[in-house]
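Protein chains in written order, with full-length UniProt numbering: chain A, 1 to 249; chain B, 1 to 249.
We put the CB at the ideal spot given by N, CA and C, even for glycine.
Being a predicted model, the structure only gives us computed values, none of them experimental.
Protein chains: 2
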Amino acid sequence: MPNPLTRKLELFGELPAEDRRLLDAVATGRRSVPAKTSIIQEGDAPSDVHLVLSGFACRSKVLANGQRQIFAYLVPGDFCDLHIFILKAMDHSIETLSPCEMVAIPRARVLELTGRPAIARALWWSNLVDEATLREWLVNLGQRDAVQRIAHLFCELHLRLASVGLVRDGEFSLPISQSELGDTMGLSTVHVNRALQSLRRQGLIGLESHVLTIPDIDRLRKFGGFNPNYLHLEGGKTDRSPTGGVRPG
Amino acid sequence: MPNPLTRKLELFGELPAEDRRLLDAVATGRRSVPAKTSIIQEGDAPSDVHLVLSGFACRSKVLANGQRQIFAYLVPGDFCDLHIFILKAMDHSIETLSPCEMVAIPRARVLELTGRPAIARALWWSNLVDEATLREWLVNLGQRDAVQRIAHLFCELHLRLASVGLVRDGEFSLPISQSELGDTMGLSTVHVNRALQSLRRQGLIGLESHVLTIPDIDRLRKFGGFNPNYLHLEGGKTDRSPTGGVRPG
DNA sequence: CGATAAATTGAACTCTATCAATAGGTGTGG
DNA sequence: CCACACCTATTGATAGAGTTCAATTTATCG
């Protein structure tokens, strides 16, 4: 059973068996981290690279006045801080949203991985996708109203989680609070609540006890103006169907 | 006289003379591009890498309803599309804002550059800074009101342009319209206009015939909540003074 | 100098935030 | 098992920031 990192990187293209073995081996020594726990603080210079194996974490920054902006969700298969090889200090923080399983991979081990050309290319691809995602979030905050904005985010999570096998029958676990959603979308908690009700009322989503249900993903995509091209999944092993290679079940 | 690319990359660290020579040589064959001209369209798979030598260009995306979001300004020394080595197609467009001078560098030439370890590292650094900038813009859109938002953008441009020698006495050329500013900040043209007036009224900026004057950068930074750490200039040849190594003149 | 784009202003309207209160859930200690 | 504390979700009412529409003035450019 491949770990989520291997699974994600193979979306870019098939990996040599030896590479796959190396990647799978990296998931040993996992540790459980409770929800709402800081992994890395702004200003830190971590020596290990952290990888999420289960649960949701996030990148975020807290302003002087206490406002917080979350600018990425880290889901299983995502690296937290690959840039430590270049940058002197973190310019943002990383913390868990839900209880997570993580591994801390020593620099040397990561260098071993990036020494393998296929892995290096896949990691580069993954980094470019992260960057494209950031751009799409900017479009989301700049151009869409609250309801569309949240719909768009849910479409993205649906696809990203499906690509690591975490979606079943259009349902997936969304272990975050409405206030955290607000910090993600630049909205107040109250308004997030009302936007969610609007989505439910329109039958676009179901959301109960932190399980999100999307009865008709195409409808939600149309509503939120979601176009999956920025996730750059079309070149790899996935197909070009409207759902971007993701099928229920 | 080094070109702006060389100058920018040396902010990360001194380069071997031979590397510098290679980088400077890349600026031959420049061509002039008028304002508001498309360089690369979403969906394209460009074969050359484009570099800005003078003027302002931008990354942007236009939604189905005609709304546009600009998510990066490309100023002298910035590459437009280094990712063509990995991604199959552009997920956004690039166009000039002002008249620009650009060069199209063939893939092979770029590979020659990235074959030099010091250049490769500097380019990686530059890419990470671009990504951090994107995150900061997300904070800007998500958490700050219109006036602070614009103030923050101006502080960033001040520092970035100063780092390639384009700021004199707190003044620099800002060859973009208020409507483009609006597309950048997720604001209507009308509101941008009023926000600019507010900044002028407070004596935080002067802006006349596309020349921006910042009489007191520290005051503007405080107002906009600007912290230059995300531009990661502190590790290179610049100092740690409050202006991040940038001095008038 | 005329034509066109950009900047500016006013007024009405909308979306989102804020304040405040209530209800539901969960975990802890007794 | 209950009481309590605390956090999350929900609802109502009000205020504010930003948009939209429309008109006018000011630049800019051939």
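- Residue-level contact by beta carbon fails for K8(A) and chain B, as no gap is shorter than 9 Å.
- Of V211(B), T213(B), E101(B), R149(B), the smallest CA-CA separation from F226(B) is found for R149(B).
- Proximity to I176(A) across Y230(A), F12(A), A57(A), L166(A) peaks at A57(A), based on C-alpha coordinates.
- Within chain A, the C-beta atoms nearer than 8 Å to that of V139(B) come from K61, L63, Q69, F71, in chain order.
- Note on H83(B): 16 or more other CB atoms within 10 angstroms of its CB, so buried under the neighbour-count rule.
- A contact is defined here as three or more CB-CB pairs under 8 Å, and the segment 137-147 of chain A fails this definition with respect to the segment 158-176 of chain A.
- In the structure shown, Q197(A) adopts helical secondary structure according to DSSP, grouped into three states.
- Going by beta carbons, L9(B) and L97(B) fall outside the 9 Å limit.
- By the criterion of at least three beta-carbon pairs nearer than 8 Å, the segment 62-82 of chain A is in contact with the segment 126-140 of chain B.
- Rounded to the nearest angstrom, the Cβ distance from V33(B) to P99(B) is 7 Å, consistent with a contact under 8 Å.
- Taken through DSSP and simplified to helix, strand or coil, H50(A) comes out as strand.
- Cα atoms of R68(B) and D183(B): separation of roughly 6 Å, rounded to the nearest angstrom.
- When secondary structure is reduced to three states using DSSP, A72(A) falls in the strand class.
- Using a CB distance cut-off of 9 Å, D130(A) counts as an interface residue toward chain B.
- Sequence-distant Cβ neighbours of L199(B) in its own chain, meaning closer than 7 Å and more than five residues away, are V147, I150, A151, I205.
- For F223(B), the uninterrupted alpha helix (DSSP H) segment begins and ends at 217-224.
- Straight through space, the alpha carbons of P76(B) and P76(A) are spaced by roughly 38 Å.
- Where G182(A) is concerned, the enclosing alpha helix (DSSP H) starts and stops at 178-185.
- At a cut-off of 9 Å between beta-carbon atoms, H50(B) makes no contact with chain A.
- Looking at the DSSP output, S93(B) sits in a beta bridge with S60(B).
- Within 9 Å of the CB of L134(B), the CB atoms of chain A belong to F71, E131, L134, R135, W137, L138, in sequence order along the chain.
- V139, L141, G142, Q143: these are the residues of the segment 139-153 of chain B whose beta carbon lies less than 7 Å from some beta carbon of chain A, given in chain order.
- Against chain B, the beta carbon of I86(A) has neighbours under 8 Å at R121, W124, W125, L128, listed in chain order.
- Boundaries around S163(A) are those of the alpha helix (DSSP H), 146-163, since no beta strand (DSSP E) includes it.
- Ranked by Cα distance from S93(B), the options L187(B), L128(B), C80(B), R135(B) are led by C80(B).
- D91(A) sits away from A162(B), with the two beta carbons spaced by 9 Å or more.
- Here DSSP, grouped into helix, strand and coil, assigns A104(A) to strand.
- Looking at the backbone, the Cα of R221(B) and that of G170(A) are separated by about 46 Å.
- Per the C-alpha coordinates, the member of I214(A), P228(A), H210(A), R20(A) positioned closest to N3(A) is R20(A).
- Here D44(B) has M90 as same chain residues with Cβ atoms under 6 Å from its own Cβ, once five neighbours each way along the sequence are excluded.
- Not flagged as an interface residue toward chain B: G115(A), since no C-beta distance is shorter than 9 Å.
- Here DSSP, grouped into helix, strand and coil, assigns R7(B) to helix.
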